[in-house]
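For the sequence shown, this note's numbering gives the first residue as 24, with consecutive numbering after it.
Positions of the beta carbon are idealized from the N, C-alpha and C atoms, including for glycine.
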Amino acid sequence: MGQAGERAGGQRAELVAQLRADVALAAADTVLIAIPNQLGVAYSTRQLAAIRDIGDEIGWNDPPTARRGGLDATNRPAPRTGRVSARE
Numbered sequence: 024m025g026q027a028g029e030r031a032g033g034q035r036a037e038l039v040a041q042l043r044a045d046v047a048l049a050a051a052d053t054v055l056i057a058i059p060n061q062l063g064v065a066y067s068t069r070q071l072a073a074i075r076d077i078g079d080e081i082g083w084n085d086p087p088t089a090r091r092g093g094l095d096a097t098n099r100p101a102p103r104t105g106r107v108s109a110r111e
């Protein structure tokens, strides 16, 4: 692993071990995860839940990029930081 376009897969424990051992993944600030949309909403929802759960296991519990667009990881508005700007 560690190069763009590489894939990880297998049983859950094996996948978690692969991802934890991936130095490039640990250093990455962006990870692209593709889920085919032709398989329906139920399939996609299960896949996203599995990605979230595996992400928690490898330490992705609070990704800093989740708030870049003003939304948190659950697509709700991110909490205010307490800083005040002229625009607020």
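Going by the beta-carbon positions, is the gap between Ile81 and Arg43 smaller than 8 Å?
A contact, by the Cβ cut-off of 8 Å.
Hey, how far is the Cα of Tyr66 from the Cα of Gly78?
Distance between the alpha carbons of Tyr66 and Gly78 is about 18 Å.
Do Ala31 and Leu38 count as a contact pair if the criterion is CB distance below 8 Å?
Yes, the pair counts as a contact, with Cβ atoms nearer than the cut-off.
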